[in-house]
Structures are given as structure tokens and as C-alpha cells.
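This report concerns only the one structure given below.
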Amino acid sequence: MRTGTDASTGGQQSVAVGDASASDPAAPLRQLAAADVFPALDTSRRGLAPTQAGQRLEQYGPNELPRTRRRAVWRDLAAQFTDLFAVVLLVASAITFLAYGLQEPREAGTLQLAVAILAVVVLNAAIGFAQEYSAERTAQALAAMVPHACRVLRGGERLEVPARDLVPGDVVVLEAGDAVSADCRVVEAHELAVDNAPLTGESNPVGRTAEPVAAGPALEARNCVFMGTDVVAGSGRAVVVATGASTEFGRIYRLAAAAPRQKTPLQNEVAVMARRVAGAALATGALMFAVRLPASESVLPSFVFALGVMVALVPEGLPATLSVSLAIGVRRMARRNALIKQLLAVEALGSTTVVCTDKTGTLTQAEMTVTRVWADGVTHDVTGVGYAPGGEVVDAAPVRELVRVAGLCCDARLVPPTGPGEHWRVLGDTTEGALLVVAAKAGLDLDAEAAATPRVTEFPFDSDRKLMTTVHRTATGHQAYIKGAPGELLTRCTAAERQGRQEPLAERDRAVVLAAGDVLASQGLRVLAVARREVDGPRPAQGEAESGLTLLGLVGMLDPPRPEVTDAVAACRRAGIRIVMVTGDHPLTGEAVARRVGLVRRPDPVVVTGARLDAMDDDDLDALLAEPSELLLCRVSPEHKMRVVTAFQRRGEVVAVTGDGANDAPALKHADIGVAMGAGGTDVAREAAAMVLLDDSFASIAAAVRLGRAVYQNIRKFLVYLFSHNIGELVPILAATFAGFPLVPISAVQILAIDLGSDVLPALALGAEPPEPDVMDRPPRSRRERLFSAAVMGRILFLGGIQAVCVTAVFFWHILASGIPFDDFTKDTPVYREAITMVQAGIVLSQFFNALAVRTDRQSILKVGLLSNPALLAAGGFGVALMAAISYLPPLQAVFGTAPLDAADWAVLAALGTLPLLADEIRKAWLRRRDARRKGAPR
Numbered sequence: 015m016r017t018g019t020d021a022s023t024g025g026q027q028s029v030a031v032g033d034a035s036a037s038d039p040a041a042p043l044r045q046l047a048a049a050d051v052f053p054a055l056d057t058s059r060r061g062l063a064p065t066q067a068g069q070r071l072e073q074y075g076p077n078e079l080p081r082t083r084r085r086a087v088w089r090d091l092a093a094q095f096t097d098l099f100a101v102v103l104l105v106a107s108a109i110t111f112l113a114y115g116l117q118e119p120r121e122a123g124t125l126q127l128a129v130a131i132l133a134v135v136v137l138n139a140a141i142g143f144a145q146e147y148s149a150e151r152t153a154q155a156l157a158a159m160v161p162h163a164c165r166v167l168r169g170g171e172r173l174e175v176p177a178r179d180l181v182p183g184d185v186v187v188l189e190a191g192d193a194v195s196a197d198c199r200v201v202e203a204h205e206l207a208v209d210n211a212p213l214t215g216e217s218n219p220v221g222r223t224a225e226p227v228a229a230g231p232a233l234e235a236r237n238c239v240f241m242g243t244d245v246v247a248g249s250g251r252a253v254v255v256a257t258g259a260s261t262e263f264g265r266i267y268r269l270a271a272a273a274p275r276q277k278t279p280l281q282n283e284v285a286v287m288a289r290r291v292a293g294a295a296l297a298t299g300a301l302m303f304a305v306r307l308p309a310s311e312s313v314l315p316s317f318v319f320a321l322g323v324m325v326a327l328v329p330e331g332l333p334a335t336l337s338v339s340l341a342i343g344v345r346r347m348a349r350r351n352a353l354i355k356q357l358l359a360v361e362a363l364g365s366t367t368v369v370c371t372d373k374t375g376t377l378t379q380a381e382m383t384v385t386r387v388w389a390d391g392v393t394h395d396v397t398g399v400g401y402a403p404g405g406e407v408v409d410a411a412p413v414r415e416l417v418r419v420a421g422l423c424c425d426a427r428l429v430p431p432t433g434p435g436e437h438w439r440v441l442g443d444t445t446e447g448a449l450l451v452v453a454a455k456a457g458l459d460l461d462a463e464a465a466a467t468p469r470v471t472e473f474p475f476d477s478d479r480k481l482m483t484t485v486h487r488t489a490t491g492h493q494a495y496i497k498g499a500p501g502e503l504l505t506r507c508t509a510a511e512r513q514g515r516q517e518p519l520a521e522r523d524r525a526v527v528l529a530a531g532d533v534l535a536s537q538g539l540r541v542l543a544v545a546r547r548e549v550d551g552p553r554p555a556q557g558e559a560e561s562g563l564t565l566l567g568l569v570g571m572l573d574p575p576r577p578e579v580t581d582a583v584a585a586c587r588r589a590g591i592r593i594v595m596v597t598g599d600h601p602l603t604g605e606a607v608a609r610r611v612g613l614v615r616r617p618d619p620v621v622v623t624g625a626r627l628d629a630m631d632d633d634d635l636d637a638l639l640a641e642p643s644e645l646l647l648c649r650v651s652p653e654h655k656m657r658v659v660t661a662f663q664r665r666g667e668v669v670a671v672t673g674d675g676a677n678d679a680p681a682l683k684h685a686d687i688g689v690a691m692g693a694g695g696t697d698v699a700r701e702a703a704a705m706v707l708l709d710d711s712f713a714s715i716a717a718a719v720r721l722g723r724a725v726y727q728n729i730r731k732f733l734v735y736l737f738s739h740n741i742g743e744l745v746p747i748l749a750a751t752f753a754g755f756p757l758v759p760i761s762a763v764q765i766l767a768i769d770l771g772s773d774v775l776p777a778l779a780l781g782a783e784p785p786e787p788d789v790m791d792r793p794p795r796s797r798r799e800r801l802f803s804a805a806v807m808g809r810i811l812f813l814g815g816i817q818a819v820c821v822t823a824v825f826f827w828h829i830l831a832s833g834i835p836f837d838d839f840t841k842d843t844p845v846y847r848e849a850i851t852m853v854q855a856g857i858v859l860s861q862f863f864n865a866l867a868v869r870t871d872r873q874s875i876l877k878v879g880l881l882s883n884p885a886l887l888a889a890g891g892f893g894v895a896l897m898a899a900i901s902y903l904p905p906l907q908a909v910f911g912t913a914p915l916d917a918a919d920w921a922v923l924a925a926l927g928t929l930p931l932l933a934d935e936i937r938k939a940w941l942r943r944r945d946a947r948r949k950g951a952p953r
């Protein structure tokens with residue numbers, strides 16, 4: 015036996031046979047007879063000796079997937095200082111410290127400015143780090159999918175050991191309801207069937223055998239079981255051939271880990287904005303330095319002045335405001351059962367244009383449910399979904415015997431919830447679970463029925479007969495109960511039950527039964543036929559028990575859509591979001607579910623299989639995705655999903671991918687935003703995704719899209735709010751420079767006080783505005799649409815221009831009214847101190863009213879309510895109170911160079927401060943009238 019370790023994956027990898035490769039260690043074993051598997055793996059039917067198991071555990075390492083290495087906390091914190099705004103401010107602070115050191119004599123104001131700029135950077139970094147650390151670490155509490163314990167034979171003794179202690183060569187005992195803990199070669203199978211949905215997306219049970227199979231893909235090998243799948247029927251034993259990262263589960267994990275994480279649209283937008291704003295700030299500062307230098311006695315004062323101009327243009331509070339606003343979106347989504355692992359994923363979801371969704375467990379409940387029962391030419395509807403016995407069979411009396419026979423011919427059992435938050439579940443085959451539930455809905459007590467007609471023998475289901483038979487003792491003798499595929503069972507029937515009477519089954523009758531089965535199948539239902547017959551004695555031959563049968567009827571079942579999905583799909587359609595089903599399931603099943611939830615409404619959807627995708631080149635795929643058709647992609651692999659996501663992204667789409675299985679993980683990570691299932695999803699999928707749905711409901715996606723769109727709208731609101739006052743800060747400085755005034759109308763320290771003390775809290779309150787009512791009736795935002803669109807820039811200039819004119823006029827009115835020549839002003843001149851205080855107070859007061867103005871784009875603030883955002887009013891009040899403290903408290907006067915204002919000053923400033931709100935109300939009214947004229951509606 016050869017062994018090896020794949021260090022690149024960070025986990026242990028086992029290669030257990032001759033020329034077996036690390037990518038598929040079980041390949042040679044699949045072609046061996048069961049008896050030859052044991053020596054090939056240096057084990058026996060009694061399993062490994064405990065000492066051998068210990069040695070192999072030390073050799074191969076634990077049976078667990080390698081955890082993605084997370085950056086150290088200090089690296090996450092350091093990353094906050096690499097934001098372009100932070101870099102610009104850090105450089106400005108360093109230069110200001112240097113200027114202070116070179117000054118003779120040294121001015122305390124220069125040191126205060128340097129410290130203030132540095133404090134701003136540290137504060138922003140602390141807020142951003144706290145929010146991102148909290149959001150991204152929350153998901154670590156999700157439970158892993160891989161089971162924690164399993165049953166093995168060691169030294170001939172049956173033991174339960176932790177799943178992480180499994181090693182190659184262990185003999186695993188498998189029974190219905192078990193989760194498979196490693197990749198294994200089956201060596202003993204008794205009607206063994208597994209659910210491979212976490213790996214393949216196919217939810218139907220798949221039979222397993224111990225016989226050799228021909229070479230082929232690993233997941234198609236019927237003599238192997240794989241980590242992360244479940245045993246749904248039968249029993250058996252298997253020998254572990256691969257553990258940890260070398261399993262098929264681990265292969266997909268590595269594929270997902272290798273997929274690059276895409277930048278969100280907001281990341282790209284903010285990066286562009288930061289570069290432009292930083293460039294403008296540096297250029298303007300350089301210009302001001304050049305203008306002031308000739309009139310200055312030395313270089314340093316002009317340089318410090320230029321830094322003040324630059325600081326005025328940099329929105330210092332933006333990084334913190336952006337982080338906290340996104341965090342508010344995270345908390346809101348968490349209340350709607352959507353856990354956001356990365357802050358920027360909030361906005362990315364809001365700009366989604368395409369959702370690629372899996373079927374099983376995402377659109378459906380991953381629970382088989384009987385929805386139709388056919389007997390004697392009549393179809394009976396069944397209400398209720400899932401394994402909870404709530405619901406009923408419509409007109410149950412004629413089919414009660416049918417569902418009784420079907421329920422007794424089952425090995426599965428229903429498990430009721432044992433605690434709050436738990437649900438009914440099935441232990442065993444999900445199809446049999448559906449039959450047990452429909453019997454309860456028909457008013458039957460199967461436990462009582464089983465006691466009255468106990469089972470005495472059975473002939474288990476196998477894929478050749480496609481039947482299962484149980485023999486029961488009755489009051490009059492013995493009866494065989496049979497269920498199976500309609501085509502197979504119907505050939506064994508010679509009679510049918512009609513209105514309680516047994517009548518011969520003619521060829522015409524067979525055609526009617528087959529047609530009824532086709533009707534059910536065309537609805538995407540899985541169809542079973544049910545029959546019975548009298549037998550002689552408790553141990554009839556199988557041939558006798560399964561011939562000469564009396565047909566009772568047909569049962570149609572499906573994995574039902576989640577009840578809330580239809581409305582969620584409709585909401586996404588109204589929002590202009592294209593939904594594409596991308597599943598590993600059968601095309602007919604996929605189309606049937608798609609029609610039930612509203613994904614398909616036309617008679618001719620485009621259904622493309624994985625095989626057809628393989629035959630397409632990129633141009634063909636691009637052409638397919640460009641068609642405005644209803645598209646279903648079925649029988650696809652993880653590689654197909656990634657290719658489809660990439661193709662959509664080439665077309666400029668913002669792609670969200672939903673899924674719950676390990677097979678979804680690569681596409682989840684590669685998408686603009688991956689959405690995994692929290693309750694029923696795999697650990698691999700949750701690790702790869704940017705968002706986890708705690709309730710596994712597609713409806714939560716529609717709610718998250720709505721909240722994500724609101725986040726983007728709110729970001730634009732506080733950008734208008736923040737940048738408009740920057741104009742109010744810059745214009746007075748420029749005006750003073752060109753007017754020849756020797757001092758600045760507002761200092762850099764005052765600007766920082768406005769940006770962080772008076773503006774951040776109102777901006778955060780704007781970021782908490784609820785979604786507008788029509789947010790889901792608008793098309794998705796285009797990738798080409800800039801955060802700073804023409805409309806946004808126009809509004810910034812409009813509101814900022816009004817502020818700038820007002821505060822500039824106030825400053826020069828106060829200076830000129832004093833009659834003091836410009837050259838006689840110093841920083842300690844009382845009139846100058848009063849003037850710069852009025853400029854600062856004027857900006858603070860106008861920002862209070864500006865915040866009310868930007869709450870809406872078209873609607874009047876009176877319609878939404880002046881008091882409808884109390885947090886905004888409180889934040890604005892805090893800013894005014896802080897300004898009053900800066901004006902009146904001597905310690906703060908010394909820091910900011912301010913002076914006390916009288917009541918008349920405040921009255922003038924308050925009156926001017928309302929102008930942005932009044933002007934914007936006029937603008938909104940004009941826009942509403944213009945829109946009304948365009949629509950031909952009355953004003």
C-alpha cells in the first residue's frame with residue numbers, strides 16, 4: 015500500500031492502492047471483487063486492529079477538511095490603514111508633524127492639526143475593523159456538515175468512533191439514516207441506497223452494490239459511497255479508501271478554495287471615487303500652495319494652508335460612515351434570516367441582475383411529498399407539504415386501502431420534533447417517508463395497522479425488479495403488499511380493485527393506468543404503483559408473491575417547492591432580476607419545479623444539459639445567455655456552474671449564486687455574491703459563500719435584495735450630504751485666497767470637527783433610512799452606472815453651492831463690517847475669531863437642514879414626515895450642541911480658535927441654514943411636475 019500527503023491543501027491525503035492517484039484513490043478498487051479489496055488496503059473483514067488504526071491516524075492525519083486560513087487579526091486591522099483616504103490623511107499628518115518640527119517658533123495649532131488628522135485615521139480604522147470583524151466572524155458558529163461520529167469494526171468489535179478518527183482501511187457499518195463520513199468502497203450491500211444530492215444535486219436515492227464496476231467517473235461508481243452523503247435505505251459495510259481533503263467532498267472544497275473572490279460593484283465604485291477625490295484634493299492643495307507662496311514670508315505657513323485645503327476636500331468621515339451603514343444593512347438582513355459574512359456583499363446583492371439558483375433545498379424543501387393519489391380512474395389531491403402529517407387526502411375513503419398498503423410496505427419511519435425549532439424528519443428512504451405521511455393524512459394509524467397485520471417476511475427493493483414486497487399476517491390468512499415502478503408492477507397485475515371489488519385487468523384498462531401515470535409524470539411527479547395479493551402461508555416464494563397481483567392505484571409525489579418561493583420569484587421578476595435554475599437534477603423534474611414556482615411561464619423554456627454545455631464553446635454559451643429566454647441548466651457539474659457564472663460576468667451581469675451542496679461551492683465563491691443555506695447546507699458551501707440564509711428560504715433572497723438596494727440608495731444620500739458641505743468648506747477658503755485675505759475662513763481643525771463631530775452621526779442616520787416603497791419595482795442598477803452619477807454630482811453642487819454662498823457671505827460681511835484692513839488681521843483678532851466661528855456654525859446649521867433635504871429624491875419631506883427619522887433629528891441636534899460648546903467653552907475655544915456668538919448671529923445663521931432645504935423642496939416640486947407632464951397625469 016502506498017501513501018502520500020498533499021501539503022498544498024493543508025490537510026491529509028491518503029492514496030491507498032498500487033497506482034491509485036491522489037485525485038481518485040479508489041479508482042483501482044472499484045474494479046476489484048469485494049474479497050480482494052481487503053488485502054489491497056491491508057485490512058480484513060474484522061477491520062483494522064486498534065493499534066493499526068492509531069498508526070494510520072498518525073500517518074494520514076484526522077479525517078477533516080482543511081480550514082481556510084484566515085488572516086491574523088493584526089493584518090485585518092492593518093488593512094484598514096491601506097484605504098486611499100487613510101493613506102492620504104496619514105501622509106498629511108506626517109507632513110504636518112514634520113512642519114511642526116521645522117517651525118521656528120513652533121505653533122501649537124500645527125501640532126493640533128497633525129494630531130487631529132492622525133486621530134481621524136485611527137478612529138475610522140477602529141470603526142471599520144470592528145464592523146467587518148463582527149460580521150465575518152459570526153458565520154464561524156455554523157455547524158459543520160460532516161458527521162461527528164460513525165460506526166466501525168476494529169478487531170472484529172463494533173465501535174462508535176469520532177468521524178475525524180477514520181483512516182484508510184477502516185471497515186464502516188452503514189445503515190439507513192447514517193451520514194457517510196469518508197469515501198468508501200462498498201464490500202457488502204443489502205438493498206443499500208444513498209442520497210448523493212450534496213455532491214451531485216440529484217435528490218433521488220441511488221442504489222449501491224458490492225460488485226466490481228467498469229472504469230469511469232468516481233461519482234458514477236455504484237460500489238462506492240462518499241463523504242457528506244446519506245444512507246437512505248438498506249444496510250451494508252464499506253472500507254474507507256480516502257479521508258479528508260482527498261475525498262470527492264475535499265476535491266470540490268479545493269476547487270472552491272482556488273476560485274478567486276470577486277470584487278463587488280461597490281468596492282470598484284468606492285475605489286474609483288477615492289482616487290478621484292484624492293487626486294482632486296492633492297491638485298487643489300498644490301494650486302493653493304502655489305498661489306499663497308509668493309505672498310508668504312516662508313514656505314511652511316503656505317504648506318500648512320495647502321494641507322488645510324486638502325483636508326477640506328477629503329471626506330474624512332466617509333470610511334466610517336460607509337462601514338457602519340453597511341453594518342446596519344447586515345443587522346437588518348440578519349433579522350430577515352440572511353447572515354452576511356462580508357460587509358460589501360450587502361450592496362452587491364442589491365445590484366444583482368442574475369440569480370443562478372439550485373433546485374433541491376433552495377427552491378424546494380428537500381422533502382418528498384405525495385400530492386396526487388390515483389385510483390379507479392379518479393385523481394385525489396393531497397394537501398400539506400413536507401414530513402409533518404398536517405393536511406388531508408381529498409375524498410380519502412376510496413384510496414384509504416391503497417395508502418394503507420403503501421404505508422405498510424415501507425422500512426422508513428417518521429421522527430417527530432423533539433425540541434423547539436426542530437421539524438418532522440424521516441429516517442430512511444424519503445420516498446417511503448412520503449408514503450407514511452400520506453397514510454396519516456388519510457386518517458390511518460399505521461402503528462395500529464402494523465400491529466393488526468404484522469409483517470412476517472419481505473423481499474427488499476432492488477434496481478432490477480424495481481419492486482418491494484412485504485408479506486403480512488391478516489385475520490383471514492396472509493397478504494403480500496407490493497409497491498414499485500408502474501411499468502414493472504403493471505405487467506404483474508391481473509386484476510384491479512374498483513369500488514371495493516376485484517375485477518379483471520383488460521388491455522384497455524392497462525392503457526388507462528399507463529396514461530394516468532404519464533399525466534402524473536408530466537407534472538414532474540415521481541410515480542409509484544401499489545398492489546396486493548393473497549398468498550399461501552407466511553413464507554411464499556418471491557415469484558408467487560409478485561405475480562397475479564391486484565392493482566390498487568398510483569401515487570404521485572414530488573419534492574415540493576417552498577410555499578414562500580413563488581412570491582419571492584415574482585418579486586425578483588418585478589425587480590428586473592433574471593433567475594436561472596442551475597441544477598444537477600433531471601430536466602423534467604427541474605422544469606416541473608420551475609413551473610410551480612413561476613420561474614417558467616412560457617410553453618417553450620430553453621433546457622440545456624451539462625452534456626450540451628460541454629459541446630459549446632464560449633461564443634455559443636455567450637449567445638445562449640444573451641437570449642431573453644427562460645433558461646434551465648440541468649445535469650450540470652460544479653465546473654459547469656463556474657463556467658456559466660463566468661459567462662454571465664463577461665456580459666457585465668452582477669451574478670448571485672444560491673445553493674446548499676458541496677457541489678455549489680466553486681460557483682458560490684466565484685460569483686459576485688454567493689448565497690448558501692445555513693440549516694441544510696454543507697460546510698463547504700457556507701465557507702465559500704458571502705451570505706448564508708439561516709432559514710434556507712429563497713424568499714429571504716428577495717428580502718435581502720430589497721434591503722441591499724436600500725443600502726445603495728442610502729449610501730448615495732449620505733454621499734450627497736457629506737460632499738455638499740465640503741464645497742461649503744472649500745469655497746470660503748478659495749474666496750479668501752483670491753480676495754487677498756491673509757488668513758483662512760475656516761481652519762483644518764474646524765473642518766475635522768465638522769466632518770467627524772457634526773456630520774458622521776447624521777450620515778449614519780441617513781444610512782438607516784428604510785427602503786422606499788417602490789424599490790423592488792425598479793430595474794437593477796447597471797454596472798456602468800457610477801456612484802457619482804450626473805444627477806448625484808448635480809445635487810452635490812446645488813446644495814453645496816447654496817451652503818458655500820451663504821457661509822462665504824457671512825464671513826466677509828463680518829470681516830468687512832469691522833472696518834479693519836485685511837493686512838491687520840491676525841489669528842487672535844476677536845473679529846476674525848467670531849467670523850470663523852460663524853462660518854463653522856453656518857455649515858453645521860445648514861447641514862442639519864441639508865440632512866432633511868437629502869432623505870428623499872422626489873418626495874417632499876413633508877410627505878415622509880419631518881419627525882419620521884428621530885435618529886437623524888437627534889444626530890443633528892448633537893452636532894448643533896457640539897458647535898455651541900466649541901463656541902462658548904473656553905478650553906474648546908483655545909483649541910479651535912473660536913469666539914462666542916450672540917443670539918442675533920445664531921438667528922442669521924439659522925435663517926440661511928434653511929435655504930438648502932427650501933431650495934431642494936422647490937427642485938423636487940419642479941421634478942414632480944415635470945414627471946407628471948411626461949406621464950400625462952394630473953398635477
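Just remember that the numbering used here sits 14 ahead of the position in the sequence shown, which is counted from 1.
A virtual CB, placed ideally from N, CA and C, is assigned to each residue, including glycine.
This structure is a prediction, so every number in the text was calculated from the model and none was measured.
| Asked | Found |
| --- | --- |
| Distance between A139 and L744 (C-alpha atoms, nearest Å) | 25 Å |
| Exposure of Q261, with buried meaning 16 or more beta-carbon neighbours within 10 Å | Gln is not the amino acid found at residue 261; the sequence shown has Thr there. So T261 ends up on the buried side. |
| Contact set for A454: own chain, Cβ-Cβ below 6 Å, skip 5 residues either direction | P403 |
| Same chain, Cβ closer than 8 Å to A224, five either side skipped, listed in chain order | A48, V200, V201, E202, A203, N237, G250 |
| Best match in D773, G742, L775, I816 for proximity to P759 [C-alpha to C-alpha] | G742 |
| CA-to-CA distance, G771 to R809, given in whole angstroms | 24 Å |
| Coarse secondary structure for K497, derived from DSSP in three states | strand |
| For A933, the three-state DSSP class (helix, strand or coil) | helix |
| Straight-line gap, M301 to I131 (C-alpha atoms, nearest Å) | Met is not the amino acid found at residue 301; the sequence shown has Leu there. Between L301 and I131, the C-alpha separation is close to 21 Å. |
| Minimum length 3: unbroken beta strand (DSSP E) runs contained in the stretch 508 to 557 | 515 to 518, 540 to 549 |
| Secondary structure of A10, DSSP reduced to three states | Residue 10 is absent from the structure shown; the chain starts at 15 and stops at 953. |
| Integer-rounded CB distance, given that A196 should sit under 8 Å from A256 | 7 Å |
| At least 3 beta-carbon pairs within less than 8 Å: the stretch 560 to 571 vs the stretch 344 to 356 | no |
| Rounded straight-line distance, which links the Cα of A41 to that of V706 | 35 Å |
| Pair within 9 Å by beta-carbon distance, V253 and T57 | yes |
| CA-to-CA distance, Q537 to F475, given in whole angstroms | 25 Å |
| Same chain, Cβ closer than 7 Å to L566, five either side skipped, listed in chain order | A389, E415, L416, V419, E511, V544, A545, R546 |
| Contained alpha helix (DSSP H) runs [length at least 4] in the stretch 832 to 901, N- to C-terminal order | 844 to 867, 875 to 878 |
| Same chain, Cβ closer than 6 Å to L931, neighbours up to 5 away in sequence not counted | F863, L866, A867 |
| Check whether L757 and A749 have beta carbons under 9 Å apart | no |
| Where H437 falls: helix, strand or coil (DSSP) | coil |
| Three-state secondary structure assigned by DSSP to M347 | helix |
| Nearest to E446 (by Cα), restricted to the options P412, G491, I496 | I496 |
| Alpha helix (DSSP H) segments (min. 4 residues) lying fully within the stretch 161 to 207 | none |
| Buried or exposed by the 16-neighbour rule on C-beta atoms within 10 Å, applied to R289 | exposed |
| Identified DSSP bridge partners for G911 | Note: G911 sits in no beta bridge, so no partner. |
| Distance between beta carbons of M382 and T444, contact taken as under 8 Å | 4 Å |
| Terminal residues of the alpha helix (DSSP H) in which T214 lies | 211 to 214 |
| As assigned by DSSP and simplified to three states, the class of T366 | coil |
| Runs of beta strand (DSSP E) wholly within the stretch 625 to 654 (minimum 3 residues, chain order) | 645 to 648 |
| C-beta contact flag for E502 and R479 at 9 Å | yes |
| Test item: CB-CB of W920 and A855 under 9 Å | yes |
| Stretch pair the stretch 582 to 591 + the stretch 788 to 798: three plus CB contacts closer than 8 Å | yes |
| Pair within 9 Å by beta-carbon distance, A889 and A362 | no |
| Three-state secondary structure assigned by DSSP to L156 | Residue placement at L156 is flagged as unreliable, the pLDDT there being 35, under the threshold of 50; the coordinate-derived value follows with that caveat. Note: L156 maps to coil in three-state DSSP. |
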